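Quick mapping for you: the protein sequence lines, in order, are chains A and B.
Residue numbering for the first sequence follows the working numbering, starting at 1 and increasing by one per position.
Residue numbering for the second sequence follows the working numbering, starting at 747 and increasing by one per position.
Cβ atoms here follow ideal geometry from the backbone N, Cα and C, with glycine treated the same way.
The model shown is predicted, which means the values in this text are computed figures rather than measured ones.
Report on the following structure.
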Amino acid sequence: MIDVIASEWMKLRTLRSNLHVLACSVTAVLACAGIAFMIGRGFDGKTLDEKMAFPGNGDGLGNGIAVAYFVFAVLGALAITSEHSTGMIQTSLVAVPRRRVLLLAKIPGLAAVALVAGQVLAFIMHAASMAALGDRAGQLLREGVTLGTPLSEPGVLASVIVAGLSMAAVALIGLGVGAAVRSTPGALVVLTVLIVVLPVVAKTLPMPLRAQAGSFMIEKLPLQIAGVGGGILPPAAAAGLLVAYVLAALTAGATMITPAGRRIKVLAIGAAAALLVSAVPAAAAGSPGPSPTPAWADCADKTLVKEMRCATIKVPVNWAERSGRSIDLAVGLLPATGAQRRMGTVFAIPGGPGGSGVEDLSKNAGSFTELRDRFDVVSVEPRNTVDKGVLSFDCLFSGPWISLPETPAEYAELGRRNRAAAQRCRSADPEFFDHMDSASVARDMEAIRVALGEEKLSFIANSYGGRPGIEYSRLFPGRVRAMVFDGSVNPYLHGAHNRLAHEKSFTRFAAWCAATTTCALHGQDVGEVWRALVARADRVPVPVRGESPAAAYSGLDIKEAAAPSIISPGEEPGLPRWTELAEAIKRAADGDASGFADYVRQATKSPKVPSSTGMNMTHCLDGLVFRDYEEYRRRRREGERLLPNIAGTELWHPLGCVGWPTSVTNPPGPLPARGLPPYLGVGSWTDFDRSADIVRRVPGSAAVQYQGYGHGLYNAGNSCVIGHVNRYLISLRLPASGTVCPKSGT
Amino acid sequence: MIEVRGLSMRYGRTLAVDDLTCTVKPGLVTGFLGPNGAGKSTTMRAVLGLEVPASGEALVDGRPYASLRRPMRTMGALLDAGAVHGGRSARDHLGCLARSNGIDRARVTAVLDQVGLTDVAGKRIGGFSLGMKQRLGMAAALLGDPAVLMFDEPLNGLDPEGIRWLRGLLRSLADEGRTVLLSSHLMNEMALTADHVIVIGRGRLIADAAMNALAAHFQGDVLVRTRHPERLTAIMRAHGGTVVAADDGARVARSAALSAALSVRGLDASEIGVLALSQGIALVELTPRAASLEEAFMRLTEDSTEYRSESGTTPKETVR
């Protein structure tokens, strides 16, 4: 056998035409570089968001790999078909009458050449692609990868090496096909179909089928083996499939080279081996599919996006008494699209407290498009959603107006008012009302995980959803695969420290006004106007035209009404909410607060911002409270020191909990020191600090700031944030410290 | 030694070789004769294991060729001088073959020298003439210094000098005690080359004999030309002669325009002369003719002429 292998090696290297065939592989490099160049050309001149939406070029081999495969397949096929076409096969068979030995002896030399040449070619193709992309390769895309992935990215070195290996595999496939077909033109036709036609046909199929069929194409296997995408197969299954293709082709060749009459045995052995090699890893990997125990069905709510599936899940009202009364929670699912191997489930934790995650997920479905290539995305309409029907919507939606107590007596009076409003809702179902804390919400999320049959979950905690996210991390650290805090509330930062970014935002508003002629306060010192207004309103509340004197705005009312506008100026370039805010301030300075009341009424049906009982029923249990009047005074003094323009807003939520009928059941607690994976925090100018502070408490974590306004950046479709979050959720890779997302549109 | 025992080969419904049994012995040059399509190549391919027999077997030194570990050291064969890859040099071609059978690289140089291709050893085979390819094929067969050699139509494409060279080579190989089998469809060629002939037609064995015994078996005739063929025929037949009209074609002289030619067997020239004199018949010509082997061959294989017309359907090159 060794003699025959040596002889076949000599045959291979003594034919100059083989060198010429190998030289043709340079066309694969040209294809890679050319297409990468075109991508780069298309990339330039696009807006940031358009760039982010580009499909990734990955390791860059995909554009030329079919060409490379063709070259190696031809090299392999010619190793035997050239013997048939010249008649040399007869001479070879006289020299080596054991025919399968003759065929198999061609493998080592061919494989060795293809291995070396394939590796060299793969790396050159990669280098050419990266070079053609240049600096643009580093651009992060929405799908969570960079436009070009350098070898330093995880899995890329592996995918390039495997691509090189696969070229050797393809050379052997060519050999098998050549031996089976026995003619060069015939082999070329078969190989063209295998390498070129089938992948093209697969790409024309409708979507889930396209991804499924595409995953089985040889050219998609290296990426899947390296685990960096390419299709729906797990690495072992993809590797098994590649080997099975080689075995199948060589079996066909060995069968046909065997004299008729003795072929069945060869065919049977080869087919069995190929089946085994492809089936065993696939079976061992198991079906990664979900075992969706919840009975997913079309959603009853027809305002939800069509592809959303809905289910209900039963959870105990009181998790301490699981056998007790239960309630139904609506769960919404945006299923993975099947474009890539499914990695698991991402749970989008809604904000609020009490926002409907199902509605949010439906409304923001577009933000999850890329993520759904690999993940199911679920959310829940949590227990503390105000329109659940258990408690009266009206009482939960509204609440008392809040004033800053100046004395212990006023503090107590505020407490009596709050308690009366709370009792009005609580009396309908006290047990339910007393279990609206975020820890209960976190336990509900765990129940959903169990129902989904997922080993672990990944999370995007939005706004107040950060609190259930933290509680889940504390209760079930081993179940967290990844967690993103997006503009999340931070229970570890107290009062004014939570609002420093808002104060900074006011400064920006003032600067904008000074620079913008359309600002109603243009030409005045906005800070001075504002501070004079709120000081005067604290002494003499500013009436709202057409409303009772009770609706007159105190300084705190003005600040609370202005706060959402201060931190969210609205779309560039008009910044409508800042424009509106400046006008409201101007009118209030002139003695009429209806500029504020008009838009507050739209959102709350109240002329002044009420302290929402529905939110408080969670806040107050979650420990967003003052221990006593003394603490209130201390926090207030601190706020007045740190927040020259918006002092008092930081007291708003705890003031709503003064006098609350139920005591704190879920006080903030530290995150576990170990056992959690690194987290990712994201946030805008106004909410980055809070998220960053949370993830700083989990070793190895990172945070990305978006240099602009906004809240709930992922949901809002911020491409840069989506790119970083997706990369983290897909590959658990975090951005370097200090990474920022530039302002959209720049 | 090559032994063929009860060998039958079948292509579809056509029986190409029909229960052939023969033995090719060492120390002799054995000719394997038969018209085109008689089954010579098929038999040779069966000996080399290139075809699977329908029944029977072919053995080389007592073993099937395909079971030999390094077959080129036991038997060298040349079936088709064109069965080479034109892209390789003669030296590389032989090198590949030598390597596959664990034959020392020095043999390549030796056989190239033996067949006279040393000067073109580095040239691509694609540029070789048919004769050069035949020499290269011979070189490949000789590479393993085998005790058994088998050549299919080796004289094709050789110039007269080449043919003489090959005859000498075959002779010396046989004299070294090797078994040498070569096929041909031309008897005259064999007459000068072979010690022994095996003749087949339509896949069946027709003759298996020493060359001189075969020649003796087929005697010659006497050509008689006369203006009185009827009378002469009658008297010759009366004396035991076998007379048929002879076709003497263009050799008819103007003066003999009215004469007829007869081929006579069973009587020699002097007996015919005496008989003609006794009858007063003038003979225009009286020529004893030795039997040509070619004619003997034709007569042996007359039965297989029908088969010859079917021979186009016999695959020769295909490897199955």
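For GLY87 (chain A), the closest Cβ of chain B is nearer than 9 Å. When only Cα atoms are considered, THR864 (chain B) and LEU882 (chain B) end up about 10 Å apart. Taking 9 Å as the cut-off, the Cβ atoms of TRP685 (chain A) and LYS504 (chain A) count as close. Contact of MET10 (chain A) with chain B by beta-carbon distance below 8 Å involves ASP838, GLY841, CYS842, ARG845.
By the neighbour-count criterion, in which 16 or more other beta carbons inside 10 Å mark a residue as buried, SER875 (chain B) falls on the exposed side. If you check each beta-carbon in the region 249–278 of chain A against every beta-carbon of chain B, the ones closer than 7 Å belong to PRO259, ALA260, GLY261.
Setting aside the 5 residues that flank it on each side, ALA132 (chain A) is surrounded in the same chain by ALA33, ALA36, PHE37, GLY40, each with a C-beta closer than 7 Å to its C-beta; the list follows chain order. Leaving aside the five residues that flank VAL664 (chain A) on each side, the residues in its chain whose CB is nearer than 8 Å to its CB run, in chain order, CYS620, LEU621, ASP622, GLY623, VAL625. Taken atom to atom, the span from the alpha-carbon of HIS724 (chain A) to that of ASN364 (chain A) is near 17 Å. Restricting attention to A:ALA422, A:GLY478, A:GLY708, A:ASP486, the CA atom closest to the CA of ASN616 (chain A) is found in A:ALA422. Excluding the 5 residues flanking it on each side, ALA447 (chain A) has same chain C-beta neighbours closer than 7 Å at ILE313, VAL315, in chain order.
Taking CB atoms only, ARG751 (chain B) has no neighbour in chain A less than 9 Å away. Taking GLY465 (chain A) as reference, the option from A:ASP592, A:HIS502, A:ILE694 with the minimal CA-CA separation is A:ILE694. In terms of beta-carbon proximity, PRO817 (chain B) lines the interface with chain A, with at least one pair separated by less than 9 Å. A distance below 7 Å between beta-carbons, with the five flanking residues on each side excluded, links ASN645 (chain A) to the following residues of its chain, in chain order: GLU503, PHE506, GLY527, TRP530, ARG531. Closer than 9 Å to the CB of GLY868 (chain B) there is not a single CB belonging to chain A. Non-local C-beta neighbours of GLY60 (chain A) in its own chain, meaning closer than 7 Å and more than five positions away in sequence, comprise CYS32, ALA36, MET125, HIS126, SER129, MET130, GLY148, ordered along the chain. Nearest Cα to VAL358 (chain A) within the set A:VAL200, A:ARG636, A:GLU406, A:LYS302: A:LYS302.
Taking a Cβ-Cβ threshold of 7 Å, the residues of chain B close to ALA6 (chain A) are ARG845, in chain order. Using beta-carbon distances, ASP3 (chain A) counts as an interface residue toward chain B, with a partner under 9 Å. In summary, the residues of the region 163–190 of chain A whose CB is separated from some CB of chain B by less than 9 Å are ARG182, in the order they occur in the chain. Inclusion of ALA252 (chain A) and GLY176 (chain A) in the CB contact set at 9 Å is warranted, their separation being smaller than that value. Using a Cβ-Cβ cut-off of 9 Å, PRO97 (chain A) counts as an interface residue toward chain B, since at least one Cβ of chain B sits closer than that to its own.
If only complete runs of 4 or more residues are kept, the region 498–561 of chain A shows the alpha helix (DSSP H) at 500–515, 526–539, in order along the chain. Look at MET483 (chain A) here: in three-state DSSP terms it is strand.
Annotated three-state conformation of TYR709 (chain A) is coil, per DSSP. Within chain B, no C-beta atom comes less than 9 Å from the C-beta of GLU307 (chain A); the nearest is roughly 58 Å away. Between VAL170 (chain A) and ALA73 (chain A), the C-beta gap is smaller than 9 Å, which places the two residues in contact. When DSSP states are grouped into helix, strand and coil, CYS741 (chain A) belongs to the strand group.
A residue is called buried when at least 16 other Cβ atoms come within 10 angstroms of its Cβ; THR767 (chain B) does not meet this threshold and is exposed. The alpha carbon of ALA236 (chain A) has as its nearest neighbour, out of A:ALA271, A:LYS203, A:PRO199, A:VAL277, the alpha carbon of A:VAL277. Bridge partners of ILE946 (chain B) according to DSSP: B:LEU951. If you look at ARG971 (chain B), you'll find it in the beta strand (DSSP E) that goes 967–972. When Cβ-Cβ separations below 9 Å define contact, ARG100 (chain A) makes no contact with chain B.
In the displayed model, LEU766 (chain B) falls within a strand according to three-state DSSP.
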